[in-house]
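Enquirer:
Chains as they are written, first to last, in the working numbering: chain A, 11 to 487; chain B, 48 to 532.
As structure tokens, this is what we get:
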């Protein structure tokens with residue numbers, strides 16, 4: 011059953027879906043499209059998220075699946091893929107079926123309950139109307155000037171609002187210092203909630219999120235560690251506030267990368283479009299491997315999905331990249347578009363910062379494909395890896411999470427707690443404790459004399475993501 | 048210049064004050080911190096907080112005072128092939144209607160002497176904990192660790208590697224097998240091993256280990272058995288009594304035999320040639336659905352030869368005399384199975400009890416214990432033969448057979464299914480069989496017939512074979528990669 015425009019129209023839930031799909035017909039939006047030559051087509055679509063969405067369509071029964079969080083079925087990505095196929099202008103390579111498509115096939119409960127294209131669905135969506143909907147508006151210089159002035163006014167108002175919020179933050183921290191930080195954890199939930207609300211009102215949303223999640227971070231630590239952790243967290247927050255106030259200082263005092271990092275951390279967001287169009291933004295083309303995907307619900311009811319990429323082959327610049335997507339919890343989407351082990355050739359563009367880590371995919375040169383190959387990790391042990399973390403902290407004092415790689419390490423246990431250590435038996439050697447939630451999954455590694463590891467260190471504990479061992483690869487998911 | 052303050056000194060000065068609060072303990076702003084003293088106290092405190100925070104951030108985490116020494120696990124079983132790992136995990140995570148799939152996999156691992164990949168143990172934790180004894184030493188260590196890290200044994204045992212010293216520390220199932228095997232080779236030495244540890248064993252363990260002495264009973268066992276007639280556990284006492292009743296000259300009666308004889312009537316028929324006729328009288332209050340279970344309970348502790356001797360008949364004559372009484376034939380078939388009397392079982396199944404398979408399935412778990420795999424297959428073939436090419440569509444009977452054999456069934460049972468679609472069609476259309484049936488058939492299918500079964504399954508609705516087909520794949524993978532017993 012070959013796809014054609016009539017079928018695509020019949021499947022579309024409404025005209026706006028087709029209009030949205032039309033915007034995705036550019037080949038550059040699809041770093042990979044393929045077919046198995048037997049009625050199955052699939053592709054990866056670079057949408058507004060940091061990771062591409064994976065779409066698969068069965069031409070036989072018009073079943074489809076997309077990893078985007080849209081609640082429309084079929085979504086614009088599915089429609090766009092079908093549209094591209096129907097157009098016949100974009101070549102679909104004939105490839106073996108990738109594992110993520112096989113998994114969808116194995117889970118299918120037969121043809122999806124979608125209306126047959128011959129049925130009158132009443133949607134009355136029209137491809138012709140979608141193509142004709144591109145409106146050409148002539149630029150109006152006066153309107154643009156007014157809009158620019160309004161944007162500048164808003165920016166100044168926001169700067170002032172944030173500074174006022176930071177003053178209130180100073181007062182709040184001072185109150186905690188007067189009371190003494192020993193007992194802070196006990197009343198942190200309510201205290202942090204109040205100041206976070208104030209900071210949201212002050213439009214410092216990044217700082218607000220940091221404060222609102224502070225109690226959870228403190229209570230995730232052993233009780234004995236909490237008082238010092240409170241000092242660290244509150245001290246860091248004050249440092250951020252001070253750095254923000256000093257943005258106008260020279261680059262010698264506050265380098266530009268650090269200024270950019272402060273602004274983003276406080277809450278100024280840089281849109282994907284703005285980042286991609288910034289000629290100064292750091293761009294790195296390389297082969298990247300997905301080493302971890304993490305998902306957590308933030309206090310603001312957004313799900314934060316992190317995809318950590320390791321740069322294969324080394325070279326100048328960042329050794330890792332972090333893609334972040336924020337999705338409303340209500341959409342139900344909970345996973346990255348990539349799977350651990352996927353390899354993708356892409357150009358990443360990094361958000362400005364003193365230690366660039368967060369990035370967007372500017373351009374994919376290949377679709378993501380799972381690779382079982384081992385990673386070639388730098389030839390340093392855990393001690394040396396930690397030294398690099400300390401160097402990074404010198405450049406960015408509020409560095410959150412850092413990718414550590416270590417060769418010739420091993421996992422050891424003290425009580426219920428697991429530690430990543432160097433293989434030497436020196437009792438004073440560095441030992442990084444793993445997150446307690448990983449104890450069960452990571453404990454099979456205890457039987458190994460040696461492993462090469464990749465993990466995320468947040469200053470308190472390590473999330474072990476990847477280990478290369480004599481038994482093969484271990485991953486955290 | 049004044050006093051320099053390094054990170055350690057800063058922490059020592061600032062942390063107590065920050066924790067106690069400015070009201071209780073003012074900050075000591077001297078040395079390099081003197082510049083802060085010229086600012087407002089609140090600002091000084093905030094800056095000191097930030098400086099201290101950074102100092103803390105650069106503190107390297109301290110290692111714990113010691114690390115646990117992990118036990119060395121010498122698990123020489125090869126690991127499941129890489130290509131099968133994902134299938135295994137997906138299969139074990141699927142919602143299942145019965146445990147036949149898990150059992151088939153566990154026994155498959157045992158037969159092929161492979162083990163799951165160590166990294167997958169957390170992902171299939173429930174399966175590993177339930178079937179660890181079949182999955183190798185690493186799986187046993189994992190299970191023990193999850194149960195209680197403090198109580199985890201220091202050593203783990205491959206059943207093949209047990210000896211007279213280590214046997215008493217192994218898991219119970221391995222101990223029973225070891226003792227039963229030793230009993231066949233050297234009955235006296237087996238009894239001696241048990242006597243040495245008897246006093247430390249729990250009641251349940253004593254029952255299981257004592258059962259391993261059932262074969263090869265001689266007068267040499269009499270003193271030990273007489274000694275345990277006073278055991279605290281009634282099951283131990285009863286078993287000891289039963290064993291003693293089989294030893295000539297012990298003077299002990301088997302109370303179970305007496306109870307059976309009270310319910311069996313022997314009469315004589317025939318005018319010219321007198322023939323014995325046996326009938327079993329069931330309790331009046333027994334419901335029809337309870338009959339087979341009652342038969343099992345009544346006759347489990349009685350052997351064929353002692354029953355025949357008591358009736359003054361040969362065993363064959365006893366079977367012939369019971370030909371008109373189906374319930375008694377079931378009892379004799381049950382005893383023939385327990386006593387490994389396959390030739391008698393064949394006489395019963397081929398004779399008047401053609402549905403011996405289904406009848407024994409209603410009795411309950413036959414517990415073939417130490418019976419070698421080849422003998423189990425022979426036993427199964429005897430039960431299956433009367434059905435020919437039309438095996439019963441009794442899910443319970445098939446499950447029972449799977450558990451009794453602890454592995455694949457004889458080829459003769461699967462042959463009708465792979466040769467023609469009729470049996471499966473009838474099963475699906477008339478019995479309205481679902482995916483649980485296909486899963487069970489895949490679980491019990493011998494290796495030689497999996498290809499044909501796979502072809503048969505491909506004609507079915509995919510929903511019916513969602514788990515059955517991957518199960519066939521994994522069992523094939525285990526077969527090809529493993530070393531077989």
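Idealized CB from N, CA, C, for every residue including glycine. None of these values were measured; they are calculated from a predicted model.
1) Spell out the partners DSSP gives residue 255/B in its beta bridges.
2) How would you write the range of the alpha helix (DSSP H) that residue 276/A sits in, first residue to last?
3) Along the chain, which unbroken stretches of the alpha helix (DSSP H) at least 4 residues long are found entirely within the stretch 464-498 of chain B?
4) Under 7 Å Cβ-Cβ, which residues of chain B neighbour residue 241/A?
5) How would you label residue 131/B, buried or exposed, when you count the other beta carbons within 10 angstroms and need 16 or more for buried?
6) Do we get a CB-CB distance below 8 Å when we pair residue 256/B with the residues of chain A?
7) Looking only at DSSP bridge pairs, what is residue 1/A linked to?
8) Taking only beta-carbon atoms, is residue 93/B less than 8 Å away from chain A?
9) Can a CB atom of chain A be found closer than 8 Å to the CB of residue 171/B?
10) Does the beta carbon of residue 71/B sit closer than 8 Å to a beta carbon anywhere in chain A?
11) Can you say whether residue 362/B is buried or exposed, counting buried as having 16 or more other CB atoms within 10 angstroms of its CB?
12) In three-state terms, what does DSSP make of residue 533/B?
13) For the stretch 355-372 of chain A and the stretch 280-292 of chain A, state whether three or more C-beta atom pairs, one from each stretch, are separated by less than 8 Å.
14) Should residue 438/A be flagged as near chain B, meaning a C-beta pair shorter than 8 Å?
15) Taking any Cβ of chain A, which residues in the stretch 150-182 of chain B have a Cβ under 9 Å from it, in chain order?
16) Please say whether residue 461/B and residue 493/B have beta carbons closer to each other than 8 Å?
17) Can you look up residue 321/A in the DSSP assignment and give me helix, strand or coil?
18) What does the alpha-carbon distance come out to for the pair residue 469/A and residue 420/A?
19) Counting contacts by CB-CB distance shorter than 8 Å, is residue 188/A in contact with chain B?
20) Are the CB atoms of residue 453/B and residue 495/B nearer to each other than 8 Å?
21) Do three or more CB pairs link the stretch 101-117 of chain B to the stretch 221-234 of chain A at distances below 8 Å?
22) I need the DSSP call for residue 414/B, collapsed to helix, strand or coil.
23) Taking the beta strand (DSSP E) that residue 370/A falls in, what are its first and last residues?
24) State the CB to CB distance for the pair residue 328/A and residue 366/A, rounded to an integer number of angstroms; the pair is presumed to be in contact (CB under 8 Å).
25) Indicate the three-state DSSP secondary structure (helix, strand or coil) for residue 125/A in the structure shown.
26) Comparing the C-beta of residue 201/B with each C-beta of chain A, is any distance below 8 Å?
27) Count the other C-beta atoms from every protein chain shown that fall within 10 angstroms of the C-beta of residue 488/B, then say buried if there are 16 or more, exposed otherwise.
28) Using a Cβ-Cβ distance under 8 Å, would residue 515/B count as near chain A?
29) In whole angstroms, what separates the C-alpha of residue 257/B from that of residue 295/B?
30) Using Cβ-Cβ distances below 8 Å, what residues of the stretch 88-105 of chain A are close to chain B?
31) Could you tell me the alpha carbon to alpha carbon distance between residue 336/B and residue 290/B, rounded to whole angstroms?
32) Shortest alpha-carbon distance to residue 499/B belongs to which of 65/B, 511/B, 516/B?
33) Give me the subset of the stretch 116-130 of chain B whose CB atoms are less than 8 Å from a CB atom of chain A, sorted by chain position.
34) Quick check on residue 391/A - is its C-beta less than 8 Å from some C-beta in chain B?
35) Using DSSP's beta-bridge definition, name the partner residues of residue 338/A.
36) List in chain order: all unbroken beta strand (DSSP E) runs of 3+ residues lying wholly within the stretch 100-150 of chain B.
Expert: Once the coordinates are examined:
1) Under DSSP, no beta-bridge partner is assigned to residue 255/B.
2) 266-276
3) Listed in chain order, the alpha helix (DSSP H) runs fully inside the stretch 464-498 of chain B are 469-476, 482-491, counting runs of at least 4 residues.
4) 62, 65, 96, 99, 100, 103
5) buried
6) No, because no Cβ of chain A sits closer than 8 Å to the Cβ of residue 256/B.
7) Lying outside 11 to 487, the shown extent of chain A, residue 1/A is not represented and no answer is given.
8) For residue 93/B, the answer is yes, since a Cβ of chain A falls inside 8 Å of its Cβ.
9) no
10) yes
11) buried
12) Here chain B covers residues 48 to 532 and nothing more, so residue 533/B does not appear.
13) yes
14) yes
15) 164, 165, 166, 167, 168, 169, 170, 172
16) yes
17) strand
18) 20 Å
19) yes
20) no
21) no
22) coil
23) It spans 369-374 - the beta strand (DSSP E) in which residue 370/A sits, taken as one unbroken run.
24) 5 Å
25) Bear in mind that the predicted position of residue 125/A carries a pLDDT of just 41, short of 50, making it too unreliable to give a figure here.
26) Unreliable positioning characterises residue 201/B in this predicted model, as indicated by a pLDDT of 47, which lies under 50. A coordinate reading is not provided.
27) Buried: at least 16 other Cβ atoms inside 10 Å.
28) Not closer than 8 Å to any Cβ of chain A, the Cβ of residue 515/B fails to qualify, so no.
29) 19 Å
30) none
31) Computed Cα separation, rounded: 31 Å.
32) 516/B
33) 117, 120, 126, 129
34) no
35) 312/A
36) none
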